[in-house]
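Working notes for the structure below.
Numbering (the numbering used here), first residue to last: 354 to 461.
Next up, the structure:
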């Protein structure tokens with residue numbers, strides 16, 4: 354679990370870095386929010402996958418959807434991030450699509 358958390362933080366951190374540079378948003382608070390969110394959501398993901406291991410793919414997709422929404426709300430709720438909800442929504446989508454794609458192809 355620690356290895357996947359570190360890989361997720363690295364991948365999503367690169368997405369945040371690119372996003373913040375492109376749209377001139379504050380890097381540090383958004384990055385810290387993303388890291389804090391990932392600590393919580395990775396735990397939820399692993400719990401879900403272990404509880405519903407017989408329906409792995411469905412559990413994975415449903416949990417990833419919920420993580421996307423939860424991280425969007427978290428990114429939006431921190432005032433220092435200076436993100437509108439739509440910004441937070443699409444940033445979280447990008448972060449999670451990249452980490453999901455990497456996780457799908459990494460042998461873990």
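Think of the CB as a built atom: it goes at the ideal place given N, C-alpha and C, for glycine as much as any other residue.
Considering only heavy atoms of the ligand COA, does any lie closer than 7 Å to the CB of residue 401?
Ligands are entirely absent from the displayed structure, and the ligand COA is therefore not among its contents.
Can you tell me whether DSSP reads residue 442 as helix, strand or coil?
helix
Going by C-alpha distance, which of 398, 386, 443 is nearest residue 411?
The option with the nearest alpha carbon to residue 411 is 398.
Give the single residue among 436, 454, 445 whose Cα lies nearest to the Cα of residue 377.
436
Express the C-alpha separation of residue 361 and residue 433 in angstroms, rounding to a whole number.
In this structure, the straight-line span from the alpha carbon of residue 433 to that of residue 361 is close to 23 Å.
For residue 355, which option in 424, 394, 384, 374 has the closest C-alpha, if you only look at C-alpha atoms?
394
Express the C-alpha separation of residue 449 and residue 405 in angstroms, rounding to a whole number.
21 Å
Mind checking which residues open and close the alpha helix (DSSP H) that includes residue 472?
Lying before the first or after the last residue shown, residue 472 is absent from the chain, which here runs from 354 to 461.
Compare the beta carbon distance of residue 391 and residue 358 with 8 Å and say whether it is the shorter of the two.
A distance below 8 Å separates the beta carbons of residue 391 and residue 358.
In whole angstroms, what is the alpha-carbon distance linking residue 369 and residue 421?
14 Å
Tell whether a beta-carbon distance below 8 Å holds between residue 426 and residue 383.
no
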